[in-house]
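Numbering (the numbering used here), first residue to last: 10 to 122. We put the beta carbon where it would ideally sit given N, CA and C, even for glycine. This one's a predicted model, so the numbers in the text were calculated from it and none came from an experiment.
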């Protein structure tokens, strides 16, 4: 059952990042479960995007997950190194121009019954 929560976001995120509309300088570096999450109805993930080379203008990455994304909590925001929004099934990350490092995003999805 836990594998379902790992495989689904990894595949969806990887597919979103290889979509032709996303700058090829942005790639999935890491996605892991945040085991510090204490709420039993949520699974939290730490997503790391790698900016391979500086980008010239802001780049918006929209990841449409198959799960309901929880509104970012203060804990999610504290663990993240870039701003993002979560709306229903979509995770939206704006990568600032001239970013040339890794961006960490901590988000939570509702567990399916």
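Can you give me the C-alpha to C-alpha distance between residue 45 and residue 118, rounded to a whole angstrom?
Taking the chain shown and counting its residues from 1, one reaches residue 45 at position 36. Taking the chain shown and counting its residues from 1, one reaches residue 118 at position 109. Distance between the alpha carbons of residue 45 and residue 118: 14 Å.
Given a threshold of 16 other Cβ atoms within 10 Å of its Cβ, counted over all protein chains shown, does residue 95 qualify as buried or as exposed?
As a first step, residue 95 must be located in the chain shown, where it is residue number 86. Residue 95 is buried by the Cβ-count criterion.
Here's a check: name, in chain order, each residue in its chain whose Cβ is nearer than 6 Å to the Cβ of residue 56, leaving out the five neighbours to either side.
Along the chain shown, read from residue 1 onward, the residue named residue 56 stands at position 47. Counting only Cβ-Cβ distances below 6 Å, and skipping sequence neighbours, we find 40 and 114.
From the DSSP output, in three-state form, read off residue 73 for me.
As a first step, residue 73 is located in the chain shown; it is residue number 64 there, counting from the start. Residue 73: strand per DSSP, three-state reduction.
Note down the Cα distance separating residue 51 from residue 106, rounded to an integer number of angstroms.
The sequence position of residue 51 within the chain shown is 42, counting from 1. The sequence position of residue 106 within the chain shown is 97, counting from 1. Distance between the alpha carbons of residue 51 and residue 106: 32 Å.
Hey, out of 35, 38, 43 and 108, whose CA is closest to residue 84's CA?
Position 75 of the chain shown, counted from the start, is the residue given in the question as residue 84. For the residues 35, 38, 43 and 108, the minimum Cα distance to residue 84 belongs to 43.
How close, in whole Å, do the beta carbons of residue 5 and residue 60 come, if the pair is a contact with beta carbons under 8 Å?
Only positions 10 to 122 of the chain appear in the structure, and residue 5 is not among them; the question remains open.
Could you tell me which residues DSSP pairs with residue 99 in its beta bridges?
Here residue 99 refers to the residue found at position 90 of the chain shown. In the DSSP output, where bridge partners are listed per residue, residue 99 has 73 and 96.
Where does residue 85 fall in DSSP's three states?
Position 76 of the chain shown, counted from the first residue, corresponds to residue 85. In this structure, residue 85 counts as helix in the three-state DSSP scheme.
Nearest-angstrom Cα distance between residue 35 and residue 87?
Position 26 of the chain shown, counted from the start, is the residue given in the question as residue 35. Position 78 of the chain shown, counted from the start, is the residue given in the question as residue 87. Whole-angstrom Cα-Cα distance: 22 Å.
Taking residue 90 as part of the beta strand (DSSP E), name the residues at either end of that continuous run.
Translated into the one-based positions of the chain shown, residue 90 becomes position 81. That residue, residue 90, is in no beta strand (DSSP E); it is neither H nor E in DSSP.
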